[in-house]
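Contents: one structure, followed by commentary.
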Amino acid sequence: MKTKQINLFQIPEVLLSMLRCLIIFILIAVTSVPLSAQVKETPVPRIVEKDGRHALLVDGKPFLMLGGQAHNSSGWTGMMPQVWQAIEAMYANTLEVPIYWEQIEARPGKFDFSLVDMLLQQGREHNVHLVFLWFATWKNGSNHYMPEWMKLDAKKYPNITGKNGQPVDSPSPHTKAAMEADAKAFTEVMRYLKKEDPQHTVLMVQVENEAGAWASVRDYSPEAQKLFEGQVPAELLKPEILKALNKTVIAKGTWTEVFGKDADEYFQAWSVAKYIGYVAAAGKAVNPLPLYVNAALRDPITNPSANTYESGGPTDNVIPIWKAAAPSIDLLAPDIYLPESEKALKVIELYDRTDNTLFVPEIGSGEKFTRYFYPVLAHGGIGFSPFGIDDNGQGETKAETETRLASVAQDYATAGPMMRELAQWSFEGKIKAVVEHEDHRVQTIDLGAWEATVTFGTSRRNAEEAEKRPFGKAMIVQLGENEFLMTGTLCHFTFKPLGANAVKSWQYLKVEEGYYENGTFKLLRIRNGDETDWGGPRIGAVPVVLRIMLFVR
Ligand code: DGJ
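The sequence shown begins at -9 in the numbering used here and counts up one residue at a time.
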């Protein structure tokens, strides 16, 4: 009988080819799984409120955005090395960077997310979170970031009309076609982030940029005029809203009947807020990331006429209108370029409301403005971000960038290692802060059982220098009844007991200088002798962290 010959050398060859097939199959399977399915999904960042205070939860815990905002035209691949150079120089943990409707939807309905991908990838490589700024229908009150195909169809996507019929360089909030187009594109962006960013590199998204109009208080086009002469929508006539706007509670009426001299501005604010609220709601429906709208401010003290500032945006006087019109917007945020201490502090106070989380997405740069970092924390702020951090194509060296950003860098370097603690203390209302005013006046901080007195400057600062650099600041965290954490620049603290202990003598039990690391205070030295005896602890131009214990004898 003929037996079948088995070639032993064929067996390994068969196995080998099976193995090859298996490897190819595994490779195809792994590489075809979207990146999003391979990375760890984290909880969606969200804003929480407790007793009128707020926190941004990232990975389930309060997070403080130590931010910096790139220049308007820097969200492009070739510009990013200088942006990262700035972020590194500042010790920032969050980059605010624009994404552009004109680039993302250069052709109607065709979406290009290559720059979004680049930003996500680079943010992760640098271990820095991102806040995307959706430059779309409005950018500084104009339509300049609308795609070309929209700009060229001005009839379908019109600008507003001024009081005397003149054209105004600001998009109409009364155009449904533009609103639908913006909402569609924004929804695509949010959907893309939901799919491609499960690790939440992006913490928040700004919807539009400084919306409103500069050269006209409102739209006077025939369509707008018809709406203006009609009835105020019932949603806006709720007693609590009218009271918050200091208006008489009334059941119905035209804009002029209900709002009198403020009718034009309030009408524009309502129209812009409704439009942006629609865009935001569409995006939020597919991805619940926190959304915000930024405001070009008006003078917060003098109640100026609406034709002196950008009308229709969320300025302090129309916050209740924005809240009613755009509930999908999580917060309204002030862009602070008012350097005067009374005005900047007033703005911080006005945007810290039970119904509004404080966030400063833009502020001028330099020590004149970084002094407001501490009051923002004291008001429960979730982030702070100087504008225009990169060199904007000027070819700055690393050393030049570091010098330019030195003041915010030293504050972020001090705050960074205790960022989570600061965010928690801020949420719990344990932080108090003061800044040096232009007249250098002495200030006091009420700490319950104690009062701190803060004076500014150093023994080395003479009057002339103080005039040039009145930028001292001080922050005190209440850790216990007699225990405090303090930091600051160009400041000097003394204390006195209050209440029943006011008549008693007191002393420092301990003054420790150190820093936070992984949630623990690490000691660098104990300050005593000359460092506390001559009127209490001083901090010079570079911030340090002091933990002090006071004691009544
Ligand atoms: C405020 C705007 O929001 C920014 O995009 C930028 O244009 C700055 N002004 C420039 O100062």
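C-beta atoms are modelled at their ideal positions from N, C-alpha and C, and glycine is treated no differently.
All values reported here derive from a predicted model rather than from experimental measurement.
query, result
"Per-residue DSSP class, three states only, for LEU348", "coil"
"Collapsed DSSP secondary structure at ILE421 in the structure displayed", "strand"
"Rounded separation between ALA60 and VAL118 - CA only", "14 Å"
"Cβ pair count under 8 Å reaching 3, the segment 196 to 211 against the segment 122 to 130", "yes"
"For ILE309 and LEU281, the rounded distance between their alpha carbons", "16 Å"
"Inter-stretch contact at 8 Å, needing at least 3 Cβ pairs: the segment 36 to 49 / the segment 350 to 360", "no"
"GLU426 versus TYR506: straight-line alpha-carbon distance, rounded", "26 Å"
"Sheet register partners of ASN199 (DSSP bridge)", "LYS129"
"8 Å Cβ cutoff met for LEU120 and THR191", "yes"
"Nearest to VAL552 (by Cα), restricted to the options PRO294, ALA203, LEU227, LYS166", "Coverage of the chain is limited to positions -9 through 543, which leaves residue 552 absent and any answer about it impossible."
"Whether VAL218 touches PHE257 by CB criterion (8 Å)", "This sequence places Phe at residue 218; Val is not what is there. Going by C-beta atoms, PHE218 is nearer than 8 Å to PHE257."
"Rounded separation between ALA253 and TYR210 - CA only", "13 Å"
"Backbone CA spacing between ILE16 and PRO161 [nearest angstrom]", "The pLDDT assigned to ILE16 is 47, lower than 50, so where the model puts this residue is not dependable, and the model offers no usable value."
"First through last residue of the alpha helix (DSSP H) which encompasses TRP524", "No alpha helix (DSSP H) contains TRP524, which DSSP labels as neither H nor E."
"PHE377 CB to nearest heavy atom of the ligand DGJ below 7 Å", "yes"
"Own chain, CB closer than 6 Å to ILE379, minus 5 neighbours either side, in chain order", "GLY58, ALA76"
"Residues bridged to TYR282 (per DSSP)", "GLN196, LEU321"
"Given 8 Å, three or more beta-carbon pairs between the segment 242 to 253 and the segment 338 to 350", "no"
"LEU227 (DSSP reduced to helix, strand or coil)", "coil"
"Where ASN307 falls, given that 16 or more other Cβ within 10 Å makes a residue buried", "buried"
"Selected residue, minimal CA-CA separation from ILE435, among PHE417, MET408, LYS463, TRP415", "LYS463"
"Neighbour-count burial assignment, LEU513, 16 or more Cβ in a 10 Å radius", "exposed"
"Top-ranked residue by Cα proximity to PHE483, from ARG537, PRO223, ARG208", "ARG537"
"Sufficient close CB pairs (3 or more, under 8 Å) joining the segment 366 to 377 to the segment 91 to 106", "no"
"Alpha-carbon to alpha-carbon, ARG459 and GLU392", "19 Å"
"Exposure label - THR445; buried when at least 16 CB within 10 Å", "buried"
"Sub-8 Å separation of ARG431 and GLN497 beta-carbons", "no"
"In chain order, each beta strand (DSSP E) run of at least 3 residues that lies wholly inside the segment 328 to 411", "350 to 353, 373 to 376"
"Near the ligand DGJ: ASN199 beta-carbon under 7 Å from a heavy atom", "yes"
"Distance cut-off 7 Å: ASP325 Cβ against heavy atoms of the ligand DGJ", "yes"
"Heavy atom of the ligand DGJ within 7 Å of ASN62 beta-carbon", "yes"
"Residue of ILE291, THR292, VAL269, ASN293 minimising C-alpha distance to VAL283", "VAL269"
"Assigned secondary structure, PRO161 (DSSP; H/G/I helix, E/B strand, else coil)", "strand"
"Three CB pairs or more closer than 8 Å across the segment 308 to 328 and the segment 224 to 241", "yes"
"Proximity of GLN433 and VAL532 at Cβ, strictly below 8 Å", "no"
"heavy atom of the ligand DGJ below 7 Å from GLU138 C-beta", "no"
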